[in-house]
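Visitor: Dropping a structure here in structure tokens format, bear with me for questions.
Number of protein chains: 4
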Amino acid sequence: METNRVEAFSDGVLAIAITIMVLELKVPDTPDLHGLAEFLPTLLTYVLSFVYIGIYWTNHHHLMHLTQRIDGAALWANLNLLFWLSIVPFTTRWMDESSLAKLPVLVYGINLLAAAVSYTILQARLIRIQGAESRLARAIRNDAKGKWSMGLYVVGSAGAFLSPWVSVAAYVAVAAIWIVPDRRIERAVAAGDDGA
Amino acid sequence: METNRVEAFSDGVLAIAITIMVLELKVPDTPDLHGLAEFLPTLLTYVLSFVYIGIYWTNHHHLMHLTQRIDGAALWANLNLLFWLSIVPFTTRWMDESSLAKLPVLVYGINLLAAAVSYTILQARLIRIQGAESRLARAIRNDAKGKWSMGLYVVGSAGAFLSPWVSVAAYVAVAAIWIVPDRRIERAVAAGDDGA
Amino acid sequence: METNRVEAFSDGVLAIAITIMVLELKVPDTPDLHGLAEFLPTLLTYVLSFVYIGIYWTNHHHLMHLTQRIDGAALWANLNLLFWLSIVPFTTRWMDESSLAKLPVLVYGINLLAAAVSYTILQARLIRIQGAESRLARAIRNDAKGKWSMGLYVVGSAGAFLSPWVSVAAYVAVAAIWIVPDRRIERAVAAGDDGA
Amino acid sequence: METNRVEAFSDGVLAIAITIMVLELKVPDTPDLHGLAEFLPTLLTYVLSFVYIGIYWTNHHHLMHLTQRIDGAALWANLNLLFWLSIVPFTTRWMDESSLAKLPVLVYGINLLAAAVSYTILQARLIRIQGAESRLARAIRNDAKGKWSMGLYVVGSAGAFLSPWVSVAAYVAVAAIWIVPDRRIERAVAAGDDGA
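If you read the sequences in order, they're chains A, B, C and D.
In the working numbering, each residue's number is its place in the first sequence (first place is 1) plus 1171.
In the working numbering, each residue's number is its place in the second sequence (first place is 1) plus 1171.
In the working numbering, each residue's number is its place in the third sequence (first place is 1) plus 1171.
In the working numbering, each residue's number is its place in the fourth sequence (first place is 1) plus 1171.
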């Protein structure tokens, strides 16, 4: 089974998830600087979620690039990841509309954690299909970033009981870690492309 | 006529159908556990419909993989299937907003039944185009799962007159049957890929 | 310049236009047969617009299949067509919410007419680029269906001043004409595929 | 790393951004000419934003056509461009709902300016990757249109303090400049296609 249609479908879901969030942005109550100031937190949560989905798309892109074969289980692992990413617009909205109340901030963290775990499951399944000596397996020997992210999500989710800003700081930190695309895979891709 | 653009368009429609449902999720009234508890049934109907569309996407993926040629009638059989899947977000919402009232639960079942019948029509047309000796025809000799599903949809729809939970149980059972992707086709694909 | 990305973008816009209409379907006021009966006209306008966009997708698919080369003017002719199709959900909604009032029914007809004219312009441009001896040019020698459609749209739009049902009848008639895919092109495609 | 999936994802985001704006169009209050007249400015802002996103899609199409290789930085430059384009529906809506108030008109101009700057950054990165002697580099020797656009956006944004019509005139002027697709690239493409 080839990966191109999985990529196309994933691209579709991610493109929609990243774009429809804008539909939910309510325009400021007043067309002045005061209205704009009140709108800023909403915009920033939107930017954060945009960046998150952008990160997943980038990593998914790299991951699939090193994948030649998939199977039915991998399709469902991918759908599972898409599920958690598809509800990011919803948890973002809840967090935002509640003005960073404790529970929605916690739920947002759990959503991101579930997405990270789902990504790890998908990655593990793909490595298993490609084999231990595949380029993919060699590229992901040590998934330090993935582990850091999951740790930070737990910290961020738990931090909601202290202050939402602890959570936001943790979530922003994860985005910062990942915004540099996965050089390990990129190197492997480059090496493979040169070698091919 | 090739299948790639049919796949791309179908991927687009299914990606949107699976994703826009989240736009319709209203955030809980209060940002606390009580609000979250009230929200749970909504989330579960969302999950159920996500899984259904995921199942159709997976099976459509397998079906098209074994299809080399299509014609105008197949295009319309495909559009017919996409129509029924595209209104799943609507019937889901109605069922959910009515708190599982009799008629919306019945309508949801009819929607799923219509999608299943449409899929069978598309499949029959594609088999006819590929020929009785094609890999597709051999892979779908006996469509037991398809028949079970349709039976369960009828049970589920009728069950709405007894209790919505009978219906929900039937609908969940169909999802459970299908969540294992179509091994018959998968085997045929694998065999074909090996043989090619 | 190749056509594949034009197809992908057009597929995206059409997939969205055909799918988002469902977002605008308001659930019936009451979860009973009375509510369902009141909802029927809304469902039927939805079906009609779904069929229209399906027709355009099918014909666009056939048209692009016979097209090897495009240019900047063709890109804009295509965007022009997509514009008119992208506002079909809006004119559909207006017609429906006004309960088939005169002006919205007229505007719906003008929308469909503009889409038909845009399609004709795109087709003419593509024929010009491919050349008078191309398979595309030979397949579209005489565009009887296109001319009938435009005539019926004018009748339907004007008919809004008599009764909305005249308009609806004319719009349904056009859909009926086209629901049979363009056999001329299909024959040419088949001939080309055989000859190739 | 190849460009096809970047194109697919960008097509998805742009197709959604260009299409969902219609979801936000509120139907006229009354189904008569008065209602239609009141609706006209809304329609015109919609058309303007549709044309803008169409322009970006067209130019992106040309740009990617001359691009053979991308890297992680280019992926993020592309996501940055998509971000600014994805919020065009939002700034359009704000400008429209405020009846062209000063601040929203200014913000719309800043949005377009940010998109133009992002496009320039993406283009610069792609030229750097392809090399100074690449077809892309030679095609974009002198980016007069890009510079004119940015100047006009600044004029338009600043003009909001005088009159929204100054802004609108500037924004329409930029669209007019670009609606003619980038002949420089088109010529290079044609030359390359002929030479290939």
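C-beta atoms are modelled at their ideal positions from N, C-alpha and C, and glycine is treated no differently.
#1: Indicate the three-state DSSP secondary structure (helix, strand or coil) for N1313 of chain B in the structure shown.
#2: The ligand PLP heavy atoms versus the CB of I1348 of chain A: any closer than 6 Å?
#3: Below 7 Å between beta carbons: does that hold for L1250 of chain B and G1225 of chain C?
#4: Measuring CB to CB, does T1262 of chain B end up less than 7 Å from V1276 of chain B?
#5: Is it buried or exposed for H1205 of chain D, if we count other Cβ within 10 angstroms and need 16 for buried?
#6: D1267 of chain D versus chain C: which residues are under 8 Å apart at the beta carbon?
#7: Going by the beta-carbon positions, is the gap between L1372 of chain D and A1188 of chain D smaller than 7 Å?
#8: Exposed or buried, F1332 of chain D, counting other C-beta atoms within 10 Å across all chains shown (16 or more means buried)?
#9: Using 10 angstroms around the beta-carbon of G1330 of chain D, count the other beta-carbons present and answer buried if the total reaches 16, otherwise exposed.
#10: Pick out whichever of A:M1266, A:W1349, A:L1207, A:N1230 has its Cα sitting closest to the Cα of I1281 of chain A.
#11: With P1335 of chain D and L1274 of chain D assumed to form a contact (beta carbons below 8 Å), what rounded beta-carbon distance in angstroms separates them?
#12: For I1226 of chain A, does the three-state DSSP call read helix, strand or coil?
#13: Shortest alpha-carbon distance to Y1290 of chain B belongs to which of B:I1311, B:V1339, B:P1202?
#14: Assign D1182 of chain C to buried or exposed, taking buried as 16 or more other Cβ atoms, counted over all protein chains shown, within 10 Å of its Cβ.
#15: Below 7 Å between beta carbons: does that hold for E1209 of chain B and R1264 of chain B?
#16: Would you verify that the beta carbon of V1339 of chain B is, or is not, closer than 7 Å to some beta carbon of chain A?
#17: V1184 of chain C CB to nearest chain D CB: under 7 Å?
#18: Taking CB distances under 7 Å as the criterion, tell me whether I1292 of chain B reaches chain A.
#19: Using a C-beta cutoff of 7 Å, does V1259 of chain D count as contacting chain C?
#20: Nearest chain D C-beta to A1179 of chain C closer than 7 Å, yes or no?
#21: Among A:T1201, A:G1322, A:Q1239, which one has its Cα closest to the Cα of L1283 of chain A?
#22: With a threshold of 7 Å on Cβ separation, who are the neighbours of A1346 of chain D within its own chain once the five nearest residues in sequence on each side are excluded?
#23: Taking buried to mean at least 16 other C-beta atoms within 10 Å of its own C-beta, is L1211 of chain D buried or exposed?
#24: Reducing DSSP to helix, strand and coil, say where G1280 of chain A ends up.
#25: Taking 7 Å as the threshold (C-beta atoms), are L1297 of chain A and A1245 of chain A in contact?
#26: Distance, Cα to Cα, G1327 of chain C vs T1174 of chain B?
#27: Which of the three DSSP states is assigned to E1304 of chain B in this structure?
#28: Assuming contact is defined by CB atoms lying nearer than 7 Å, are L1293 of chain C and L1252 of chain C in contact in what I supplied?
#29: Verify the CB distance criterion: does I1191 of chain D have a CB-CB separation below 7 Å to chain A?
#30: Which chain C residues are close to I1187 of chain B, counting only those with a beta carbon under 8 Å from its beta carbon?
#31: So with CB distances below 7 Å, who are the chain B contacts of G1225 of chain C?
#32: Quick check on the DSSP output: what are the complete alpha helix (DSSP H) runs of length 4 or more inside the segment 1200-1274 of chain D, in order along the chain?
#33: Rounding to the nearest angstrom, what Cα-Cα distance links K1316 of chain C and A1285 of chain C in this structure?
#34: For H1232 of chain D and chain C, any beta-carbon pair shorter than 7 Å?
#35: State the DSSP-derived secondary structure class of K1318 of chain C, mapped to helix, strand or coil.
#36: Taking the alpha-carbon positions, what's the S1320 of chain D to S1320 of chain C distance?
Guide: This is what the structure holds:
#1: coil
#2: This structure simply doesn't include the ligand PLP, nor any ligand for that matter.
#3: yes
#4: no
#5: By the neighbour-count rule (16 or more Cβ atoms within 10 Å), H1205 of chain D is not buried but exposed.
#6: Neighbours of D1267 of chain D on chain C: none; closest Cβ ~14 Å, over 8 Å.
#7: Here chain D has residues from 1172 to 1367 only, and residue 1372 of chain D is not among them.
#8: Answer is exposed; the Cβ neighbour count stays below 16.
#9: buried
#10: A:M1266
#11: That pair is no contact at about 11 Å.
#12: helix
#13: B:I1311
#14: When all chains shown are included, D1182 of chain C counts as buried.
#15: no
#16: no
#17: yes
#18: No, I1292 of chain B lies away from the interface with chain A (no Cβ there is under 7 Å from its Cβ).
#19: It does not; no Cβ of chain C falls within 7 Å.
#20: yes
#21: Comparing C-alpha distances from L1283 of chain A to each of A:T1201, A:G1322, A:Q1239 shows the shortest one belongs to A:G1322.
#22: L1219, V1222, Y1223, I1226
#23: exposed
#24: helix
#25: yes
#26: 35 Å
#27: Coil.
#28: Cβ atoms of L1293 of chain C and L1252 of chain C: closer than 7 Å.
#29: yes
#30: Those within 8 Å of I1187 of chain B in chain C are A1186, I1187, T1190, I1191.
#31: L1250
#32: Taking only runs of at least 4 residues, the alpha helix (DSSP H) segments lying wholly in the segment 1200-1274 of chain D are 1204-1236, 1243-1257, 1259-1268.
#33: 16 Å
#34: yes
#35: helix
#36: 41 Å
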